[in-house]
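This report concerns only the one structure given below.
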Amino acid sequence: MRTDWTIDEIKQIYQQPLLELVYQAATVHRQYNDPNEVQVSTLLSVKTGGCPEDCAYCPQAARYQTGLKAHKLLEVDEVLAKAQEAKANGSSRFCMGAAWREVRDNRDFDKVLEMVKGVNGIGLEVCCTMGMLTEEQANKLKEAGLYAYNHNLDTSEEHYDKIITTRTFDDRLNTIANVRKAGISVCSGGIIGMGESHDARIGMIHTLATMPEHPGSVPVNALVAVEGTPLENMQRVPVFDMVRMIATVRIVMPQTKVRLSAGRLDMSLAEQAFCFMAGANSIFAGDKLLTTPNPGFADDMAMFELLGLRPMEAFKQEKELV
Ligand code: SAM
Ligand code: DTB
Ligand code: SF4
Numbered sequence: 477m478r479t480d481w482t483i484d485e486i487k488q489i490y491q492q493p494l495l496e497l498v499y500q501a502a503t504v505h506r507q508y509n510d511p512n513e514v515q516v517s518t519l520l521s522v523k524t525g526g527c528p529e530d531c532a533y534c535p536q537a538a539r540y541q542t543g544l545k546a547h548k549l550l551e552v553d554e555v556l557a558k559a560q561e562a563k564a565n566g567s568s569r570f571c572m573g574a575a576w577r578e579v580r581d582n583r584d585f586d587k588v589l590e591m592v593k594g595v596n597g598i599g600l601e602v603c604c605t606m607g608m609l610t611e612e613q614a615n616k617l618k619e620a621g622l623y624a625y626n627h628n629l630d631t632s633e634e635h636y637d638k639i640i641t642t643r644t645f646d647d648r649l650n651t652i653a654n655v656r657k658a659g660i661s662v663c664s665g666g667i668i669g670m671g672e673s674h675d676a677r678i679g680m681i682h683t684l685a686t687m688p689e690h691p692g693s694v695p696v697n698a699l700v701a702v703e704g705t706p707l708e709n710m711q712r713v714p715v716f717d718m719v720r721m722i723a724t725v726r727i728v729m730p731q732t733k734v735r736l737s738a739g740r741l742d743m744s745l746a747e748q749a750f751c752f753m754a755g756a757n758s759i760f761a762g763d764k765l766l767t768t769p770n771p772g773f774a775d776d777m778a779m780f781e782l783l784g785l786r787p788m789e790a791f792k793q794e795k796e797l798v
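Heads up: the sequence shown runs through residues 477 to 798, numbered per my numbering.
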């Protein structure tokens, strides 16, 4: 696994004619992964809306009028019932999102630790995405059984302050480092379709691919333009930009789970199939992402059937090491 990629090398890969790029990505994908296996995650927003940050894409930022119904932290039982349901529907990972700037050491965090224990007990890989974390908080989450933590770069370093001003790119890197130090699997990726240049996309991939270890998973999101956010009028990102992004991520991080994330609802089956061909091997399933709609389980199962894909079992990597 190479962590010394140069921007130029990544650019050479990214800029190839699309079908060459996809062929190369599909080839690398087959060397390191079973191309018929897709890791399926279910998301649940355990604390919705009212966030103090100003992320320009986000319907949960308190300062934008998006008509979103905010709610405080859910009860542990409610969350565990959703996790059971996700497992029954074939998910191997359950990811809980909270609209916080950062985790605080309070009763809510204690409750989150209970949720993590509970979901882990159900036999699912537990993931959280709750904003910035200290090293100590990361250790507590790890002890409670947290498998992965999602903390996206969101965009490249150069484009960052056009999208978020209430925290810095370095803040993001710092939390990711804390997660890694605690021995938690890092899930980090970003969003395309926010007015960034191709160079910015390449820059973001470069930051991910040159971390001390490649992230265990890299979500590639297409912006969901939500009314009331500053990015409400952004045009839908072309599907072939998603394909190009996914293929490049696959080539430079061969063993990472590349997640075809937000934006699937606007994609046809053929378009999603092309993303899997380009090396995507993970999705978010269930009819809701955090606050916006997503294809339902039944539609995804029909897609898996059609394409001959299988959902991956939980903790596969660990089982293979035994
Ligand atoms: N508050 C925490 C944080 O920002 O890290 C966790 C929740 S936040 C909603 C998780 C991720 O969802 C963001 O980092 C962003 O990449 C993604 N996201 C949020 N709104 C989105 C949108 N409208 N379209 C695509 N991705 C989005
Ligand atoms: C990620 O990269 N995408 C997911 C998950 N990680 C947390 C979230 C997408 C959110 C899309 C907008 C919404 O539903 O609120
Ligand atoms: Fe808050 Fe996270 Fe949304 Fe930013 S992306 S506004 S930090 S919930």
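The beta-carbon is built from N, C-alpha and C at its ideal position, and this holds for glycine as well.
Local conformation of residue i per DSSP, three classes
i, result
"Gln541", "coil"
"Glu601", "strand"
"Leu646", "For the sequence presented, residue 646 should be read as Asp rather than Leu. Asp646 falls in the helix class under three-state DSSP."
"Ala761", "strand"
"Glu789", "coil"
"His426", "Summary: the structure shown does not reach residue 426, with the chain confined to residues 477 through 798, and so no result is reported for it."
"Asn626", "strand"
"His547", "strand"
Proximity to residue i [Cα-Cα], best of the options
i, options, result
"Arg677", "Ala723, Phe780, Gln613", "Ala723"
"Leu609", "Val602, Glu601, Asp647, Leu600", "Asp647"
"Ala812", "Trp481, Val514, Thr518, Arg478", "Nothing about residue 812 can be read from this structure; the chain reaches only from 477 to 798."
"Cys603", "Leu797, Met572, Ile727", "Met572"
"Asn844", "Thr644, Glu708, Met743, Gly666", "The question about residue 844 has no answer here: the residues shown for the chain are numbered 477 through 798."
"Thr524", "Leu589, Tyr533, Lys548, Gly772", "Lys548"
"Pro695", "Pro706, Ser664, Gly704", "Ser664"
"Asp637", "Gly566, Ala532, Leu684, Glu703", "Ala532"
"Arg786", "Gln793, Met777, Arg577", "Met777"
"Ala620", "Asn565, Glu634, Ile640, Lys593", "Lys593"
"Ala614", "Arg580, Gly704, Ile483, Val655", "Val655"
"Thr767", "Val713, Leu544, Gln748", "Leu544"
"Pro714", "Glu634, Pro730, Cys751, Thr542", "Cys751"
"Phe570", "Thr683, Thr605, Gln500", "Thr605"
Residues of its chain near residue i, where Cβ-Cβ distance is below 7 Å and the 5 sequence neighbours each way are ignored
i, result
"Arg720", "Tyr490, Leu494, Leu497"
"Gly784", "Asn512"
"Thr765", "Per the sequence shown, the amino acid found at residue 765 is Leu instead of Thr. Counting only Cβ-Cβ distances below 7 Å, and skipping sequence neighbours, we find Leu519, Ala738."
"Ile681", "Ile486, Thr724, Val725, Val728"
"Asn757", "Asn509, Glu513, Val514, Gln515, Lys733, Val734"
"Ser661", "Tyr623, Ala624, Gly692"
"Gly526", "Ala538, Ala546, Ala575"
"Leu797", "none"
Residue i CB to nearest heavy atom of ligand 3 below 8 Å
i, result
"Gln613", "no"
"Cys534", "yes"
"Asp647", "no"
"Cys531", "yes"
"Cys663", "no"
"Ile640", "yes"
"Arg656", "no"
"Ala575", "yes"
"Ala537", "yes"
Cβ-heavy atom distance, residue i to ligand 1, below 8 Å
i, result
"His690", "no"
"His682", "no"
"Val555", "no"
"Thr605", "yes"
"Leu700", "In the sequence as displayed, the identity of residue 700 is Val instead of Leu. Flag set: Cβ of Val700 near ligand 1."
"Thr705", "yes"
"Lys650", "According to the sequence displayed, residue 650 carries Asn and not Lys. No, Cβ of Asn650 sits at least 8 Å from all heavy atoms of ligand 1."
Any non-hydrogen atom of ligand 2 closer than 8 Å to residue i Cβ
i, result
"Phe760", "yes"
"Cys527", "no"
"Asn757", "no"
Sequence-distant residues of its chain with Cβ nearer than 6 Å to residue i (five each side left out)
i, result
"Ala658", "Ala614, Asn615, Lys618"
The region 534-549 touching the region 558-567, judged by at least three CB pairs closer than 8 Å
no
For the region 724-739 against the region 696-704, do three or more pairs of beta-carbon atoms, one drawn from each stretch, fall closer than 8 Å, so that the two count as touching?
yes
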